[in-house]
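Report on the structure given below.
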Amino acid sequence: MAMKAVVIYEAGGPEVLKIEERPIPKPKPGWVLIRNKAFGLNRSELFTRRGDSPNVKFPRILGIEATGIVEDAPSGEFQKGTVVATAMGDMGRAFDGGYAEYTTVPAKQVQPLRTTLPWATLGACAEMFQTAYGSLFRALDLQKTDILLVRGGTTSIGLAATGLAKNLGCKVIATSRSAGKKDFLLSKGVDDVIVDSGSIAKDVKQLTGGAGVNKVLELVGTTSLLDSLQCVAPGGTVCMTGIVGNSWALPEFSPMEAIPTGVKLTAYSGGPEDFMNTPLQQLVEQIEAGKLE
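Residue numbers (the working numbering): 30 to 322.
In structure tokens, the structure reads:
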């Protein structure tokens, strides 16, 4: 039996992704064979495709997440036909991932789901909400009294984080590089929008009566991280989760100069345990009820 898959043999642009037939993989004990119905596209896959993930060996089927139906679970963890989602855990890196009609993954990184959502919607949930939820509630320990700054508000993670934070009761300030995105962000529940010039600490302080925000979700990355640290009130935290700015590192980073006294800096990258600790069923139900987008 064969399946269609998107295979990469060498680093490069989108043209290096090749659609071809591959044998349907057979699951090992403790693994699950999933017939993929949908999957999200993630920036980390772009970096892998470009050759920026040195531990990934080609050829490889990319894709760090997938949503579909269980075809086989030889150890009995799931019944055939169960709707499931999976993400992270070296998918598309150490072993073939979700860019295919079928994929095999360890059962310990698979969540069953009961839902009426269409596949196109469900397929966008696993990694997006794992990242947003983990960043807010594990890394930032977000509380309903917090003011949250989402740096990179129009990204998928930024929008998901905004929805989660507003449902908690937080005030949310979000940034966009485009003034034309202001109305869009306000329609998604954002309280205030800042057009991101790269230096917004003064704007944030003005919106918060000079105090600064309690928490920052940094999705742009190292290109704006130093400025984000200046946006936080003492006792607050900055979490770097995204690298939309396409820069991995800070040259000549001096913590004593960059991090204000009393401000904390953390990061969130996520893993299979984080995915399994994400209440995906609960979040899916909120989407079905129109309480979350």
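Here a beta-carbon is modelled for each residue, glycine too, at the ideal position from N, C-alpha and C.
DSSP bridge partner residues for residue i (one or two, in chain order)
| i | result |
| --- | --- |
| Lys33 | Glu50 |
| Lys244 | Leu177 and Thr266 |
| Leu294 | Val267 |
| Phe124 | Met120 |
| Thr115 | Ala95 and Val139 |
Rounded straight-line distance, which links the Cα of residue j to that of residue i
| i | j | result |
| --- | --- | --- |
| Ala67 | Val313 | 15 Å |
| Ser276 | Glu322 | 29 Å |
| Val292 | Glu156 | 28 Å |
| Glu130 | Glu50 | 10 Å |
| Val249 | Thr266 | 16 Å |
| Leu39 | Ser205 | As written in the sequence, residue 39 is Glu, which differs from the Leu given in the question. Answer to the nearest angstrom: the Cα atoms are 34 Å apart. |
| Asp212 | Gly127 | 34 Å |
| Lys217 | Leu188 | 7 Å |
| Leu236 | Val219 | 13 Å |
| Asn243 | Leu255 | 16 Å |
| Ser73 | Thr252 | 17 Å |
| Thr191 | Arg122 | 29 Å |
| Asn71 | Thr133 | 19 Å |
| Ile37 | Met305 | 28 Å |
| Leu75 | Ile53 | 25 Å |
| Ile48 | Met32 | 10 Å |
| Thr257 | Thr174 | The residue asked about is misnamed: residue 257 is Ser in this sequence, not Thr. When rounded, the distance between both Cα atoms is 20 Å. |
| Gly80 | Lys234 | 40 Å |
| Trp148 | Lys231 | 43 Å |
Outcome for residue i when other beta-carbon atoms lying within 10 angstroms are tallied against a minimum of 16
| i | result |
| --- | --- |
| Phe107 | buried |
| Gln138 | buried |
| Tyr162 | buried |
| Pro56 | buried |
| Met120 | buried |
| Phe282 | exposed |
| Leu246 | buried |
| Met285 | exposed |
| Leu215 | exposed |
| Arg143 | exposed |
Host beta strand (DSSP E) of residue i (start-end)
| i | result |
| --- | --- |
| Asn65 | Trp60 to Ala67 |
| Ile93 | Taken as a continuous stretch (DSSP letters only), Ile93 belongs to no beta strand (DSSP E), as it is neither H nor E. |
| Lys200 | Lys200 to Ser205 |
| Thr132 | Tyr131 to Pro135 |
CB contact below 8 Å: residue i versus chain C
| i | result |
| --- | --- |
| Leu46 | Absent from the structure: chain C. Only one protein chain is present. |
Start-to-end residues for the alpha helix (DSSP H) that takes in residue i
| i | result |
| --- | --- |
| Asp256 | Thr251 to Leu258 |
**OP:** Taking 8 Å as the threshold, find out whether the stretch 55-69 comes into contact with the stretch 92-99 through three or more Cβ pairs.
**Re:** yes
Original post:
Looking at C-beta atoms only, is the number of pairs between the stretch 104-124 and the stretch 82-96 that lie closer than 8 Å three or more?
Top reply: yes
Original post:
Three or more C-beta pairs closer than 8 Å, one from the stretch 180-196 and one from the stretch 217-227: is that the case here?
Top reply: yes
**OP:** Check whether the stretch 252-266 touches the stretch 293-310, counting contact only when three or more Cβ pairs, one atom from each stretch, lie closer than 8 Å.
**Re:** yes
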